[in-house]
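The structure appears right after this line, and notes come after that.
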Ligand SMILES: [Zn+2]
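This is how it looks when you write it as structure tokens:
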């Protein structure tokens with residue numbers, strides 16, 4: 001699709017500032033997250049003072065959303081703590097690849113999601129049952145299955161409480177959980193999600209569709225097990 | 001909607017204003033999601049409006065999608081970052097430069 005960034009790597013190669021740590025800067029936003037007005041200002045050289053200013057004014061205001069995202073991904077408060085801390089320290093270290101005034105929230109979310117995949121999931125208790133990207137292929141192979149509607153009435157789930165909704169959400173594979181969090185809870189646009197997740201918009205759309213079907217199935221199971229189901233319907 | 005009850009019995013003799021069956025349910029669902037996500041085109045919006053007065057399954061899907069979105073946004077707890085973590089981060093970056 002036309003929205004995949006066609007910007008080449010020119011401006012990245014023109015950014016000599018974080019040499020040394022070769023492996024880790026691929027985890028970081030390389031600037032696609034946001035429009036870059038001109039490639040001829042490659043390295044944003046912030047003074048130390050400016051760095052702290054950007055950090056405090058543009059990054060810190062998103063910390064609650066970031067924490068919530070981390071918690072929903074890891075489902076654990078300690079892990080969320082670590083993940084948020086790692087992410088913010090990384091963001092500070094690579095602050096020169098952030099352009100002031102652009103979409104800081106998307107930029108930060110992308111770092112967090114990458115840290116989650118690369119660092120956290122390896123040591124996580126969550127068994128390697130499904131790999132982040134593998135989920136896509138797994139579920140693609142049953143397309144007929146995922147292209148359906150879930151037979152459920154709005155009234156059947158309207159009495160569910162927050163914890164029950166959270167449990168249902170947590171039971172989804174992390175890939176699917178992620179798109180629901182980004183879209184429904186954080187209100188990102190499809191385009192922002194595509195950039196955060198490094199996937200085409202079409203994939204965002206279809207993954208959301210599948211994720212919601214899965215979620216509705218879980219909610220339906222939940223609602224019926226709680227006896228919320230049949231009120232006056234037959 | 002009062003219309004649905006009146007027409008279910010007389011669906012054979014007059015043109016049904018309310019469809020009990022949707023032939024494009026998956027496509028309609030996708031369109032409904034685009035609309036609720038604020039990603040729909042004007043054309044899709046117009047189509048939904050038409051469906052919402054003429055297609056029973058679409059009405060139900062719309063309510064369900066809306067409800068699920070509300071469960072996620074309004075009913076689930078939003079975790080806030082602990083103060084302690086904010087303080088830790090702020091002090092750690094001070095030792096960086
Ligand atoms: Zn329909």
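Residue numbers (full-length UniProt numbering), protein chains in the order written: chain A, 1 to 234; chain B, 1 to 97.
Cβ atoms here follow ideal geometry from the backbone N, Cα and C, with glycine treated the same way.
- Secondary structure of residue 30 (chain B) (DSSP, three-state): helix.
- Around the beta-carbon of residue 31 (chain B), 16 or more other beta-carbon atoms lie within 10 Å, marking it buried.
- Counting only residues of its own chain and dropping the five nearest sequence neighbours on each side, residue 218 (chain A) has a CB closer than 6 Å to the CB of 168, 171.
- Considering only B:29, B:77, B:95, the residue with the shortest C-alpha distance to residue 57 (chain B) is B:29.
- Per DSSP, residue 226 (chain A) lies in no alpha helix (DSSP H) and is assigned neither H nor E.
- For the stretch 175–186 of chain A, the set of residues with a beta-carbon nearer than 9 Å to any beta-carbon of chain B comprises 180, 181, 183, 184, 185, in chain order.
- Closer than 7 Å to the CB of residue 62 (chain A) there is not a single CB belonging to chain B.
- Residue 51 (chain B) has its Cβ nearer than 6 Å to a heavy atom of ligand 1.
- Of the heavy atoms belonging to ligand 1, none sits nearer than 6 Å to the Cβ of residue 81 (chain B).
- When secondary structure is reduced to three states using DSSP, residue 80 (chain B) falls in the coil class, being assigned neither helix nor strand.
- Linking residue 49 (chain B) to residue 81 (chain A) through their CA atoms gives a straight-line distance of about 45 Å.
- Unbroken beta strand (DSSP E) runs of no fewer than 3 residues, entirely contained in the stretch 68–120 of chain A, are not found.
- Among the residues facing chain A, residue 43 (chain B) is not included, as its CB has no counterpart in that chain under 7 Å away.
- With a cut-off of 6 Å, the C-beta of residue 22 (chain B) is classified as near ligand 1, since at least one heavy atom of the ligand falls inside that distance.
- In the displayed model, residue 22 (chain B) falls within coil according to three-state DSSP, outside both helix and strand.
- For residue 92 (chain A), the chain B residues whose C-beta falls within less than 8 Å of its own C-beta are 93, 96, listed in chain order.
- Rounded to whole angstroms, residue 121 (chain A) and residue 209 (chain A) show a C-alpha spacing of 25 Å.
- Chain B places a beta carbon closer than 7 Å to that of residue 71 (chain A), counting this residue as a contact.
- By the neighbour-count criterion, in which a residue is buried when 16 or more other Cβ atoms sit within 10 angstroms of its Cβ, residue 53 (chain B) is exposed.
- DSSP links residue 55 (chain B) through a beta bridge to B:19.
- In this structure, DSSP gives residue 176 (chain A) a helical state, which the three-state scheme calls helix.
- The C-beta distance from residue 84 (chain A) to residue 67 (chain A) rounds to 5 Å, short enough to fall under 8 Å.
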